[in-house]
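Student: Plus 34 on top of the position in the sequence shown (first one is 1) and you've got our numbering.
Each residue gets a CB set at the ideal place from its N, CA and C atoms; glycine is no exception.
It should be emphasised that the depicted structure is a prediction, and the values quoted were computed from it without experimental measurement.
Handing you a structure now.
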Amino acid sequence: MGLFGKGGEETSKQSGTTIVAEGTRFFGELTLDGTLHIDGTIEGTIECHGDVSVGRTGYFEGTLKANRLMVSGHVQGRVECESLEIVSTGRVYGEIASERFVIEPGGQFIGESLTRDKQAVAALSYKQQGDEAGSVDADRDEAATGSGPSLVSSDDGTAHAKARNG
């Protein structure tokens with residue numbers, strides 16, 4: 035089945051897997067319905083209604099929104115997903131908002147982790163707007179109540195995170 039019918043009309047509506055191969059570099063905005071596997075480099079914005087996997091040689095920097103994210107390579111930036119898994123070779127640096135967050139022994143996360151609920155997503159959006167005064171006041175209030183950021187590490191001591199539960 036071809037992608038285009040008569041007159042350039044699209045005939046295939048199936049969502050498949052998009053692969054960014056090792057050695058490929060992509061800069062910009064990527065929106066897709068299917069799954070995405072990254073073995074190359076992407077810098078920019080990804081909005082994926084399916085799952086994203088970053089292979090051992092994969093590198094992503096920017097803002098990523100997906101259903102599920104599995105990281106074997108390197109991710110840096112802002113991530114929003116239902117489920118995030120960092121395997122033993124994976125490295126994630128930045129800010130994440132996720133309902134489910136797993137770090138295998140050897141995997142690394144350095145950054146801020148927010149629970150993914152309406153309040154936390156609103157806080158993430160608020161923070162992205164650059165209101166430093168509001169962020170500092172919120173951190174001060176959380177420190178006073180004892181509900182603020184805390185340091186988290188995996189069993190082997192390689193994963194560190196400030197965790198804030200909304």
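(1) Tell me which residues share the same chain as T51 and place their Cβ nearer than 8 Å to its Cβ, disregarding the 5 neighbours each side in the sequence.
(2) So, Q142 versus G128, is the Cβ gap smaller than 7 Å?
(3) Straight-line CA distance for A100 to G107?
(4) When the Cα atoms are used, what is the spatial distance from V126 to I120?
(5) Could you have a look at D67 and say whether DSSP puts it in helix, strand or coil?
(6) Buried or exposed for T75, please, with buried defined as at least 16 other CB atoms from any protein chain shown within 10 angstroms of its CB.
(7) Using beta-carbon positions only, say whether V86 and L64 come within less than 7 Å of one another.
(8) Of all the options L66, T97 and H83, which has the alpha carbon lying nearest to the alpha carbon of E77?
(9) Measure the alpha-carbon distance for L66 versus S49 and round it to whole angstroms.
(10) Please name the residue in S122, V88 and T123 whose C-alpha comes closest to that of V113.
(11) I think S132 touches E116, with their Cβ atoms under 8 Å apart; what is that distance to the nearest whole Å?
(12) Rounded to whole angstroms, what is the Cα-Cα separation between T149 and L118?
Tutor: In short, the structure shows the following:
(1) G68, T69, L70 and H71
(2) no
(3) 17 Å
(4) 8 Å
(5) coil
(6) buried
(7) no
(8) T97
(9) 8 Å
(10) V88
(11) 7 Å
(12) 12 Å
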